[in-house]
Amino acid sequence: MIAVLEPEMDTVEQNAEALKSRLTPASVIRAREPLAKRTTLRVGGAADIYVEPATEADLAQTLRFAAEHSLAFFVLGRGSNLLIRDGGVRGIVISLTQPHFSRIEVVAREHKMVCGGGAKLKDVANAAKRNGIAGMEFLEGIPGSVGGALRMNAGAYGGAMFDVVDSLRFMDFAGNVQEVPVERVQASYRSCPFFKTHIAVGAVLKGQAGQRDSIEKRMAECSQKRWSSQPKAPSAGCAFKNPSAIPAGRLVEELKLKGTRVGGAMVSFEHGNFIVTDGTATAADVLRLMALIKERALAERGITLESEVQIIGSDE
Ligand code: EPU
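Taking this note's numbering, I'd label the letters of the sequence shown as residues 69 to 384.
Below, the structure is given as structure tokens:
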């Protein structure tokens, strides 16, 4: 048995070393990196190889390395809409958190912001406020990155990410970068299929001229609404997409499932579409609770709920 396991163990470390030798020293590469702490849900296993590329060239190298070694890869955003299974993620997990990818450059006279794919939405909203750019207020409380928000066409309080995009900078899986006007890419409710096969490395966001005071007021309103209706405990945001018939949160409430527990996972009392975790929860707990909600919604109301959270990784 050991003879079978050992080469496998080596391969992960060897691949991490081999990849490291191809990237600039500023890039971070780690083997067997725990990922739970990199998600807002705080559950799930480790990445075989974890990479924070420092530059677009290093990101392209990482993709080429993955292709050459037949390794799967996954681009992590801020981990706020993500459930990683307990067995962790095979292959390479890429995080665009280095300064090149999290930059926000403001072109105030054009009401534009040039953002890296890893920039935090909260920082984007604050930069917009400081520079009198209106229209980004709804981004304030979305706990995600620009790239993640593009991938999911994230939204809140009447606004959605694609409403504020002017142009997109993306990398294809062969490592080629291109920039296109937003009209070239289709997005719909909580979905942008294009970014299943391309990586959002940046975007130019565009708002309108606004008064700092009124922008601040709208941001405070969004924040107030959020904190009065959504839980503060660790979660992945809304667990299910809203079906057309009824908002998922109201449905779960009507099914009297608030407070239902599986292990360390619980349906939030504050909002029925949130599953919150305590420090003891596993990914399996969350998945079982989601399955239970889906079963009840189908059996009692004939409604098929669809996960809104991205689920990746392997079972233990
Ligand atoms: N409701 C209940 N009980 C609950 C929760 C909600 O009756 O436990 C009712 C509310 O009273 C309201 C309706 O359901 O009448 C909708 O609820 P809410 O206004 O909280 O919005 P939502 O549809 O549940 C959506 C997004 C959220 C986003 C908010 C605010 C989806 C799946 N969810 O939630 O996004 O923050 O609107 O705009 O589209 C996310 O994507 O992770 C997320 C949290």
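The beta carbon of each residue, even a glycine, is placed where N, CA and C say it ideally should be.
Just to confirm, is the Cβ distance from residue i to residue j under 8 Å?
i	j	result
LEU87	VAL161	no
GLY381	ILE152	yes
VAL253	LEU236	yes
GLY209	SER291	yes
LEU131	GLY243	yes
LYS274	ASP240	no
PHE206	GLY186	no
VAL119	SER95	yes
PHE230	VAL250	yes
SER296	HIS339	no
PRO261	LEU109	no
GLU284	LYS197	yes
LEU355	THR328	no
THR348	ASP154	no
ARG177	ASN221	no
SER163	LEU150	no
For a test of the three-state rule: what should DSSP assign to residue i, helix, strand or coil?
i	result
PRO299	coil
THR130	helix
LYS309	coil
ALA268	strand
ILE172	strand
CYS290	helix
GLN254	coil
GLN378	strand
GLU101	strand
MET204	coil
VAL111	coil
SER282	helix
LYS326	coil
THR345	strand
GLY185	coil
ARG386	Because residue 386 is not part of the residues shown, which for the chain are 69 to 384, the question remains open.
GLN166	coil
GLU384	coil
ALA365	helix
PRO121	coil
PHE337	coil
ILE210	coil
ALA224	strand
GLY317	helix
ASP154	coil
PRO75	Note that PRO75 scores 48 on pLDDT, short of 50, meaning its location in the model is unreliable and no value can be drawn from it.
GLY159	strand
Alpha carbon to alpha carbon, what distance is there between residue j and residue i?
i	j	result
PHE238	VAL269	5 Å
ALA337	ILE343	The amino acid at residue 337 is misidentified as Ala; the sequence shows Phe. Taking the straight line joining both Cα atoms gives about 9 Å.
ALA217	GLY223	8 Å
PRO75	GLY184	Any reading at PRO75 must be qualified, since the residue scores a pLDDT of 48, below 50, and its modelled position is unreliable; the value itself is stated next. Approximately 38 Å, taken between the alpha carbons.
SER282	ALA255	29 Å
ALA316	GLY332	22 Å
LEU378	GLU363	Going by the sequence as given, residue 378 is Gln instead of Leu. In a straight line, the C-alpha of GLN378 is about 19 Å away from that of GLU363.
GLY305	GLU124	30 Å
LYS264	ASP346	31 Å
ALA398	ASP383	Residue coverage of the chain in this structure runs from 69 to 384, which leaves residue 398 outside it and unanswerable.
ARG280	GLY370	47 Å
GLN276	ALA288	19 Å
ARG158	ASP116	5 Å
ARG100	LEU91	18 Å
VAL320	ALA352	20 Å
ALA271	VAL175	13 Å
PHE141	ALA134	7 Å
GLU81	ARG106	21 Å
LEU325	VAL335	7 Å
GLU368	VAL111	30 Å
LYS180	ARG146	23 Å
ARG286	ALA193	11 Å
SER138	GLY113	21 Å
ASP126	ILE361	42 Å
ALA395	GLY156	Because the chain spans 69 through 384 in this model, residue 395 falls outside it and cannot be assessed.
VAL330	LEU189	32 Å
TYR225	PRO121	33 Å
ASN83	HIS266	24 Å
LYS293	PRO211	15 Å
Is the beta carbon of residue i within less than 7 Å of some heavy atom of ligand 2?
i	result
ALA224	With respect to ligand 2, the structure offers nothing, as its ligand set consists of ligand 1.
Is it the case that the stretch 367-376 contacts the stretch 305-322, given that we only count it when at least three CB pairs across the two stretches are under 8 Å?
Under the three-pair Cβ rule at 8 Å, the stretch 305-322 counts as touching the stretch 367-376.
Pair every Cβ in the stretch 156-170 with every Cβ in the stretch 194-202, then say whether three or more of these pairs are closer than 8 Å.
Between the stretch 156-170 and the stretch 194-202 there are fewer than three inter-stretch CB-CB distances shorter than 8 Å, so the stretches are not counted as touching.
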